[in-house]
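Shown next, in structure tokens, is the structure this report addresses.
Residue numbers (the working numbering): 423 to 739.
See the structure below:
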């Protein structure tokens with residue numbers, strides 16, 4: 423009978439990193455914004471996403487609020503960590519693609535498809551996970567989303583936030599920041615200023631989502647941050663189950679993850695939300711790892727609305 427291996431603070435760095443099987447890097451060309459954060463970077467991110475003026479203004483308000491906080495991070499759980507240099511981070515990084523982006527999975531870099539296969543998240547049409555629709559996010563962009571056509575037949579929207587802003591702006595504008603406003607806390611303000619992709623899910627009235635929805639977040643670029651924004655809205659008498667997972671490569675330098683999740687359940691609606699977080703924790707000497715400062719919140723906004731929540735945290739620095 424095999425003996426389960428226990429990882430403690432006395433575990434050597436070699437043992438620790440060898441146990442982290444998701445720590446490989448993806449060898450691709452990346453388009454990264456210059457390091458640092460100012461209004462020009464906020465405008466650059468918004469321009470890359472081809473966003474409407476109202477969203478750019480929302481970002482700028484968030485950035486200005488964040489600056490007024492004067493880098494006073496929240497004292498969550500009496501946590502002590504080395505000072506984060508917020509001007510030494512790439513706030514946008516994405517795989518280089520054609521100017522008009524990939525039109526289908528056939529145009530996605532095979533290295534990316536193979537990397538997600540290695541992570542257990544197949545994106546190929548013939549190998550898709552049965553019963554699970556997946557939005558795969560690498561650094562600042564969504565690489566692919568599966569089962570969209572099937573979900574659309576039930577009126578369900580499941581797509582990247584960038585796609586939602588373009589195709590469903592009224593819904594995004596109505597609910598974005600309604601649960602976690604940009605003034606909520608230091609990291610929520612930062613996210614609101616620089617968020618890129620994350621997932622958007624909308625379940626219409628009376629519809630039970632026929633399959634699980636899942637987003638897989640992967641950080642790859644060095645000295646970068648990932649700032650996704652997830653928004654899930656369940657209309658009256660609807661149901662959805664959503665799962666997210668995340669991993670990162672083993673790097674000597676730390677990386678920052680500052681996400682926001684907003685859940686809205688209306689009358690008699692139910693959302694089941696689950697997270698399995700497995701960021702690289704860094705080695706025994708304190709090198710590398712992902713700082714994970716997220717704000718996640720659900721709003722049971724109607725009569726008999728229900729949100730159930732499962733959070734499993736096994737990594738991060």
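Every residue gets a Cβ at the ideal spot worked out from N, C-alpha and C, and that includes glycine.
With H, G and I counted as helix, E and B as strand and the rest as coil, what does DSSP make of residue i?
{"i": "residue 459", "result": "coil"}
{"i": "residue 522", "result": "Because residue 522 carries a pLDDT of 47, less than 50, the predicted location of this residue cannot be relied on, and the following value inherits that uncertainty. Note: residue 522 maps to coil in three-state DSSP."}
{"i": "residue 731", "result": "strand"}
{"i": "residue 677", "result": "strand"}
{"i": "residue 441", "result": "coil"}
{"i": "residue 639", "result": "strand"}
{"i": "residue 557", "result": "strand"}
{"i": "residue 633", "result": "coil"}
{"i": "residue 564", "result": "strand"}
{"i": "residue 611", "result": "helix"}
{"i": "residue 500", "result": "helix"}
{"i": "residue 694", "result": "strand"}
{"i": "residue 539", "result": "helix"}
{"i": "residue 385", "result": "Examination of residue 385 is not possible in this model, given that the chain is present from 423 through 739 alone."}
{"i": "residue 604", "result": "coil"}
{"i": "residue 726", "result": "coil"}
{"i": "residue 597", "result": "helix"}
{"i": "residue 672", "result": "coil"}
{"i": "residue 570", "result": "helix"}
{"i": "residue 545", "result": "coil"}
{"i": "residue 589", "result": "helix"}
{"i": "residue 467", "result": "helix"}
{"i": "residue 483", "result": "helix"}
{"i": "residue 532", "result": "helix"}
{"i": "residue 475", "result": "helix"}
{"i": "residue 434", "result": "Here the model assigns residue 434 a pLDDT of 42, short of 50, so the residue's position is not dependable and the matter cannot be decided."}
Near residue i, which residues of its chain fall below 6 Å by C-beta distance, leaving aside the five closest residues on each side in sequence?
{"i": "residue 649", "result": "613, 616, 617 and 680"}
{"i": "residue 716", "result": "681"}
{"i": "residue 667", "result": "638 and 698"}
{"i": "residue 636", "result": "554, 556 and 665"}
{"i": "residue 732", "result": "696"}
{"i": "residue 484", "result": "604, 611, 614 and 615"}
{"i": "residue 601", "result": "684, 719 and 721"}
{"i": "residue 608", "result": "491, 495 and 496"}
Quick check on residue i - is its C-beta less than 8 Å from some C-beta in chain B?
{"i": "residue 660", "result": "Among the protein chains of the structure shown there is no chain B, as only one such chain exists."}
Looking only at its chain, what residues have a beta carbon closer than 7 Å to the beta carbon of residue i, apart from the 5 residues adjacent to it on each side?
{"i": "residue 516", "result": "452, 453, 561, 562 and 563"}
{"i": "residue 522", "result": "For residue 522, the predicted structure reports a pLDDT of 47, less than 50, and the residue's modelled location is therefore unreliable. The matter cannot be settled from this model."}
{"i": "residue 710", "result": "672, 673, 674, 675, 676, 702 and 704"}
{"i": "residue 568", "result": "545, 550, 555 and 556"}
{"i": "residue 629", "result": "576, 577, 578 and 660"}
{"i": "residue 591", "result": "474"}
{"i": "residue 506", "result": "678 and 713"}
Grab me the residues of residue i's own chain with a C-beta within less than 8 Å of its C-beta, minus the 5 sequence neighbours each way, in chain order.
{"i": "residue 724", "result": "658, 687, 688, 689, 690 and 691"}
{"i": "residue 599", "result": "480, 614 and 684"}
{"i": "residue 570", "result": "555, 580 and 581"}
{"i": "residue 512", "result": "454, 455, 456, 457, 643, 645, 646 and 647"}
{"i": "residue 540", "result": "446"}
Any idea which residues DSSP pairs residue i with across the strands?
{"i": "residue 515", "result": "454"}
{"i": "residue 580", "result": "623"}
{"i": "residue 684", "result": "653 and 719"}
{"i": "residue 648", "result": "679"}
{"i": "residue 665", "result": "636 and 696"}
{"i": "residue 713", "result": "678"}
Using only alpha-carbon positions, find the residue among the options that is nearest to residue i.
{"i": "residue 462", "options": "476, 582, 481 and 446", "result": "481"}
{"i": "residue 622", "options": "582, 737 and 673", "result": "582"}
{"i": "residue 685", "options": "729, 666, 495 and 645", "result": "729"}
{"i": "residue 470", "options": "584, 553 and 569", "result": "584"}
{"i": "residue 643", "options": "704, 661, 632 and 671", "result": "671"}
{"i": "residue 449", "options": "501, 511 and 537", "result": "537"}
{"i": "residue 720", "options": "713, 700, 695 and 512", "result": "695"}
{"i": "residue 573", "options": "532, 632 and 559", "result": "632"}
{"i": "residue 534", "options": "512, 634 and 559", "result": "559"}
{"i": "residue 491", "options": "663, 645, 519 and 606", "result": "606"}
{"i": "residue 493", "options": "508, 500 and 712", "result": "508"}
{"i": "residue 514", "options": "478, 640, 713 and 464", "result": "464"}
{"i": "residue 474", "options": "506, 441, 589 and 519", "result": "589"}
{"i": "residue 654", "options": "700, 597, 641 and 640", "result": "597"}
So, is residue i buried or exposed, given that buried needs 16 or more other C-beta atoms within 10 angstroms?
{"i": "residue 472", "result": "exposed"}
{"i": "residue 673", "result": "buried"}
{"i": "residue 542", "result": "exposed"}
{"i": "residue 669", "result": "buried"}
{"i": "residue 652", "result": "buried"}
{"i": "residue 487", "result": "buried"}
{"i": "residue 459", "result": "buried"}
{"i": "residue 734", "result": "exposed"}
{"i": "residue 438", "result": "Confidence at residue 438 is low in this model, with a pLDDT of 42, below 50, so the placement of that residue should be treated as unreliable; the coordinate-derived value is given next. So residue 438 counts as buried."}
{"i": "residue 678", "result": "buried"}
{"i": "residue 619", "result": "buried"}
Let me check you understand the geometry: is the CB of residue i closer than 7 Å to at least one non-hydrogen atom of the ligand ADP?
{"i": "residue 645", "result": "No copy of the ligand ADP appears in this structure; indeed no ligand is present at all."}
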